[in-house]
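Asker: Just passing along the structure, written as structure tokens.
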Amino acid sequence: MASASDHIDHVRTQLPYALTAGAVAVLLGTLPAGFGIAPWLTLPVAAVLLLAAVRLVGTRVDQVETS
């Protein structure tokens with residue numbers, strides 16, 4: 032309310048990032064840990080995968096306008 036932004040617009044813009052992070056956490060964190068795979072093996076893979084996803088799918092903000 033303080034920023035006068037629409038709540039639904041905020042959810043719509045952040046949901047893809049949250050779902051991507053959740054999916055990577057389940058696929059490369061919870062499931063491998065359940066099978067006894069060490070986290071030091073899957074953590075770097077997850078980090079690279081998340082960075083690649085943001086780099087490929089994310090949008091760049093070149094300049095933020097302030098009023």
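Using this note's numbering, the letters of the sequence shown map in sequence onto residues 32 to 98. From the three backbone atoms N, C-alpha and C, an ideal C-beta is built for every residue, glycine too. Owing to the predicted nature of the structure, the values given are computational and were not obtained by experimental measurement.
#1: Restricting to Cα atoms, I'd like to know which of L81, D37, L46 is closest to L58.
#2: Would you give the residue range spanned by the alpha helix (DSSP H) that L93 belongs to?
#3: Between which two residues does the alpha helix (DSSP H) holding V79 run?
#4: Looking at the structure shown, is G67 part of a helix, part of a strand, or coil, going by DSSP?
#5: Taking DSSP as the reference, what is the three-state secondary structure of A49?
#6: Compare the beta carbon distance of G60 and T73 with 8 Å and say whether it is the shorter of the two.
Answerer: According to the structure data:
#1: Sequence index remark: in the sequence shown, residue 58 carries index 27 (1-based). Closest option to L58, Cα to Cα, is L81.
#2: Start at 1 with the first residue of the sequence shown, and residue 93 comes out as number 62. Inspection of the sequence shows that residue 93 is occupied by Asp rather than by Leu. Neither: D93 is in no alpha helix (DSSP H) and is coded neither H nor E.
#3: For the purposes of this step, residue 79 is identified with residue 48 of the sequence shown, where counting begins at 1. V79 -> alpha helix (DSSP H) spans 70 to 88.
#4: Reading the sequence shown from its first residue, position 36 is the one you call residue 67. Residue state, collapsed to three classes: coil.
#5: On the sequence shown, residue 49 is found 18 positions in, with the first residue counted as 1. Of the three classes helix, strand and coil, the one that applies to A49 here is helix, per DSSP.
#6: Taking the sequence shown and counting its residues from 1, the one referred to as residue 60 is at position 29. Taking the sequence shown and counting its residues from 1, the one referred to as residue 73 is at position 42. Cβ atoms of G60 and T73: closer than 8 Å.
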